[in-house]
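**Q** I'd like to ask you about the structure that follows.
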Amino acid sequence: MRADYIIAILLLIPLTILQLTVIPLFSYNQIAPDLVLILLVYYTLRMGQMHGTILGFIFGLFFDLVSGGILGSAMFSKTLSGFLAGYFFNENKVELNLHTFMFLFIVLVIGTVDSVTYSFFGGAETSSNMLTLLLVQGVFPAMYSSVLSLPMVIFHSRKIFA
18 MRADYIIAIL LLIPLTILQL TVIPLFSYNQ IAPDLVLILL VYYTLRMGQM
68 HGTILGFIFG LFFDLVSGGI LGSAMFSKTL SGFLAGYFFN ENKVELNLHT
118 FMFLFIVLVI GTVDSVTYSF FGGAETSSNM LTLLLVQGVF PAMYSSVLSL
168 PMVIFHSRKI FA
């Protein structure tokens, strides 16, 4: 288990650098995918709810420290995301959740919760109505993240990411 944590944290560092430098170039109206969330959902579906919650806390704390945002906003949203993604964990269905399009659906659902929670605590604009905030700051980034996680589903069966 310790090796899984070390590998996850080693993968977190380049993904965070990509998230903060390259991904904003591909954003549209501040709608951007969340690479850290994809990694978190992947490891939560492999290791379980408790490990996902702990990794969510570590990922969020690291992201808060590196990004310079409000300390605790990403930490809380990633911890909550890891906890909720753990509800999709089943020891008998690990391969099914990671090999099929179920992974994209889980990233979509958890990404929506993560984006809404992060924008709520991160000081999002409050001039819009709630439906607009839910769509623009919640569902659209989650859809973008879900589409970006498609290579994980396609190439995972070839044992590239395993």
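According to this note's numbering, the sequence shown holds residues 18 to 179 in order. Ideal Cβ positions, reconstructed from N, Cα and C, are used throughout, including at glycine. Remember, predicted model here, so these are calculated numbers, not experimental data.
1) So what's I75 in DSSP terms, helix, strand or just coil?
2) Give me, in chain order, the residues of the same chain whose beta-carbon lies closer than 8 Å to that of Y104; leave out the 5 immediate sequence neighbours on both sides.
3) Which residues in the same chain as V111 place their Cβ atom closer than 8 Å to its Cβ, once the five residues preceding and following it in sequence are excluded?
4) Measuring CB to CB, does L37 end up less than 8 Å from L56?
5) So does the stretch 94-102 actually touch the stretch 120-136, counting three or more Cβ pairs closer than 8 Å?
6) Grab me the residues of F157's own chain with a C-beta within less than 6 Å of its C-beta, minus the 5 sequence neighbours each way, in chain order.
7) Beta-carbon separation of L121 and S163 under 8 Å?
8) Can you list, in chain order, the stretches of the alpha helix (DSSP H) that have 4 or more residues and sit fully within the stretch 25-75?
9) Report all residues from its chain with a CB closer than 7 Å to the CB of S166; omit the five preceding and five following residues, and keep chain order.
10) Between I30 and L148, what straight-line distance do the alpha-carbon atoms span, to the nearest angstrom?
11) Using alpha carbons as the reference points, say which of F106, G139 and T70 lies closest to Y22.
12) Starting from K110, follow the alpha helix (DSSP H) in both directions and report where the run begins and ends.
13) For the alpha helix (DSSP H) containing F88, list its first residue and its last residue.
14) The alpha helix (DSSP H) spanning S162 covers which residue range?
**A** According to the structure shown:
1) Against the sequence shown, residue 75 aligns to sequence position 58. Note: I75 maps to helix in three-state DSSP.
2) For the purposes of this step, residue 104 is identified with residue 87 of the sequence shown, where counting begins at 1. Here Y104 has Q66 as same chain residues with Cβ atoms under 8 Å from its own Cβ, once five neighbours each way along the sequence are excluded.
3) Here residue 111 corresponds to residue number 94 of the sequence shown, with the count starting at 1. Closer than 8 Å at the Cβ level, and outside the excluded window around V111, lie L62 and R63.
4) Residue mapping note: residue 37 aligns to position 20 of the sequence shown, counting from 1. Residue mapping note: residue 56 aligns to position 39 of the sequence shown, counting from 1. Their beta carbons are not under 8 Å apart, which means L37 does not touch L56 by this criterion.
5) Short answer: they touch.
6) The residue labelled residue 157 in the question sits at position 140 within the sequence shown. So the qualifying residues of the chain are I48.
7) One-based indexing of the sequence shown puts residue 121 at position 104. One-based indexing of the sequence shown puts residue 163 at position 146. Yes, Cβ-Cβ distance for L121 and S163 is below 8 Å.
8) 52-64
9) The residue given as residue 166 occupies position 149 in the sequence shown. For S166, where only same-chain residues beyond five positions count, the Cβ hits under 7 Å are I55, F120, L121 and V124.
10) For the purposes of this step, residue 30 is identified with residue 13 of the sequence shown, where counting begins at 1. For the purposes of this step, residue 148 is identified with residue 131 of the sequence shown, where counting begins at 1. Looking at the two C-alpha atoms, the distance is approximately 34 Å.
11) In the sequence shown, the residue the question calls residue 22 occupies position 5. When only C-alpha atoms are compared, the closest one is T70.
12) Numbered from its first residue, the sequence shown carries residue 110 at position 93. Premise fails: K110 is in no alpha helix (DSSP H) and is neither H nor E.
13) As a first step, residue 88 is located in the sequence shown; it is residue number 71 there, counting from the start. The sequence shown places Leu at residue 88, rather than the Phe named in the question. No alpha helix (DSSP H) contains L88, which DSSP labels as neither H nor E.
14) If you number the sequence shown from 1, residue 162 lands on position 145. S162 -> alpha helix (DSSP H) spans F157 to L165.
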